[in-house]
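Enquirer: I have a structure here, written as structure tokens, and I will follow up with some questions on it.
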Amino acid sequence: MSDATGAPTLRGAAVGRRIGIGLMYGLWKPRVLGAWRVPAAGPVILAVNHSHNIDGPMLMGTAPRPVHFLIKKEAFVGPLDPFLHGIGQIEVDRTTVDRTAIGHALGVLADGGALGIFPEGTRGEGDFASLRAGLAYFAVRGGAPIVPVAVLGSTERRGRLIRGLPPLRSRVDVVFGDAFDASAGDGRRTRKALDEATLRIQAKLTAHLESAKRLTGR
Numbered sequence: 007m008s009d010a011t012g013a014p015t016l017r018g019a020a021v022g023r024r025i026g027i028g029l030m031y032g033l034w035k036p037r038v039l040g041a042w043r044v045p046a047a048g049p050v051i052l053a054v055n056h057s058h059n060i061d062g063p064m065l066m067g068t069a070p071r072p073v074h075f076l077i078k079k080e081a082f083v084g085p086l087d088p089f090l091h092g093i094g095q096i097e098v099d100r101t102t103v104d105r106t107a108i109g110h111a112l113g114v115l116a117d118g119g120a121l122g123i124f125p126e127g128t129r130g131e132g133d134f135a136s137l138r139a140g141l142a143y144f145a146v147r148g149g150a151p152i153v154p155v156a157v158l159g160s161t162e163r164r165g166r167l168i169r170g171l172p173p174l175r176s177r178v179d180v181v182f183g184d185a186f187d188a189s190a191g192d193g194r195r196t197r198k199a200l201d202e203a204t205l206r207i208q209a210k211l212t213a214h215l216e217s218a219k220r221l222t223g224r
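If you want it as structure tokens, here you go:
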């Protein structure tokens, strides 16, 4: 749910987490590794690879804290619009500088919440090969550590009942990495500083993904 200003609330995200737990564990068999690496309190950004539509809901249902995701506005259609807003998710227009979404995301971090971001901007190979600068901006501006997350197994096979989803009761691995600070520690917020932070973030996320694949055998 949102408050009077339209900003997402922790209560809404907590409801979304409960729904996510029920759906993800009811439909599939998530194996969660390293969840203890997510800071128990304070602002944090969960940066997850994105190769399937269930990756976001899977993280919402397996993360140890309620998560507010930045989600493209195209997903907010029909009954999904009030539902996604109701569970504390943030609508973002990717075609422009969406200052409302930016303000809501920074507000989540300022309140000590967990912000979920797909660093690649859209669904693709899920290999962190192409990162947008938004993740670095929120990490540096919001003063939040980044926890890399790898969701593996969501695209390996197609289900028989619903072709667009993984087979029901199949295993999906969710691997959390060590939290890290994306800034250089000098307080700079210039374009150059953000570009440098993006390169550091990409190296960390790629290394975590490779480590997660080795760990899970995916």
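For the sequence shown, the numbering used here begins at 7 and goes up steadily by one.
No residue lacks a Cβ here, since even glycine has one placed at the ideal position from N, Cα and C.
(1) If you draw a straight line from the C-alpha of Ser57 to the C-alpha of Thr196, how long is it?
(2) Could you pull out every residue in the same chain whose Cβ sits closer than 7 angstroms to the Cβ of Val54, ignoring the five residues on either side in sequence?
(3) State buried or exposed for Phe182, treating a residue as buried only when at least 16 other CB atoms are found within 10 Å of its CB.
(4) Would you call the region 107-119 and the region 22-41 in contact, with 3 or more CB pairs under 8 angstroms?
(5) Using the beta-carbon count (16 or more within 10 Å), is Pro88 buried or exposed?
(6) Would you mind reading off the limits of the beta strand (DSSP E) that contains Leu39?
(7) CA-CA distance, Gly132 and Glu126?
(8) Does Asp179 pass the burial test, meaning 16 or more other C-beta atoms within 10 Å, or should it be called exposed?
(9) Using the C-alpha atoms, what's the distance from Ser176 back to Arg37?
(10) Pull up the CB-CB distance for Thr85 and Val44, whole angstroms please, since I reckon it's below 8 angstroms.
(11) Suppose you measure from the CA of Leu90 to the CA of Ile51; what does that come to, to the nearest Å?
Expert: In brief:
(1) Within the sequence shown, the letter at position 51 stands for residue 57. Within the sequence shown, the letter at position 190 stands for residue 196. If you take the alpha carbons of Ser57 and Thr196, they lie about 31 angstroms apart.
(2) To locate residue 54, count along the sequence shown from 1; it is residue 48. Once the five neighbours on either side are set aside, the close Cβ partners of Val54 are Asp61, Leu65, Gly122, Phe124, Val155, Val157.
(3) Working through the sequence shown from its first residue, we reach residue 182 at position 176. The residue is buried, with at least 16 neighbouring Cβ atoms inside 10 Å.
(4) no
(5) In the sequence shown, the residue the question calls residue 88 occupies position 82. Per the 10 Å Cβ criterion, exposed.
(6) For the purposes of this step, residue 39 is taken as the residue at position 33 of the sequence shown. Segment 35-39, the beta strand (DSSP E) holding Leu39.
(7) Here residue 132 corresponds to residue number 126 of the sequence shown, with the count starting at 1. Here residue 126 corresponds to residue number 120 of the sequence shown, with the count starting at 1. Because Gly132 carries a pLDDT of 49, less than 50, the predicted location of this residue cannot be relied on, and the following value inherits that uncertainty. Taking the straight line joining both Cα atoms gives about 8 angstroms.
(8) The residue you call residue 179 lines up with position 173 of the sequence shown. Buried, since its Cβ has 16 or more Cβ neighbours within 10 Å.
(9) Start at 1 with the first residue of the sequence shown, and residue 37 comes out as number 31. Start at 1 with the first residue of the sequence shown, and residue 176 comes out as number 170. Each residue's Cα considered, the two are about 10 angstroms apart.
(10) As a working mapping, residue 85 is identified with position 79 in the sequence shown. As a working mapping, residue 44 is identified with position 38 in the sequence shown. Note on identity: in this sequence residue 85 is Pro, with Thr being the wrong assignment. The pair is not a contact, with the Cβ atoms about 31 angstroms apart (cut-off 8 angstroms).
(11) Sequence index remark: in the sequence shown, residue 90 carries index 84 (1-based). Sequence index remark: in the sequence shown, residue 51 carries index 45 (1-based). Approximately 19 angstroms between the Cα atoms of the pair.
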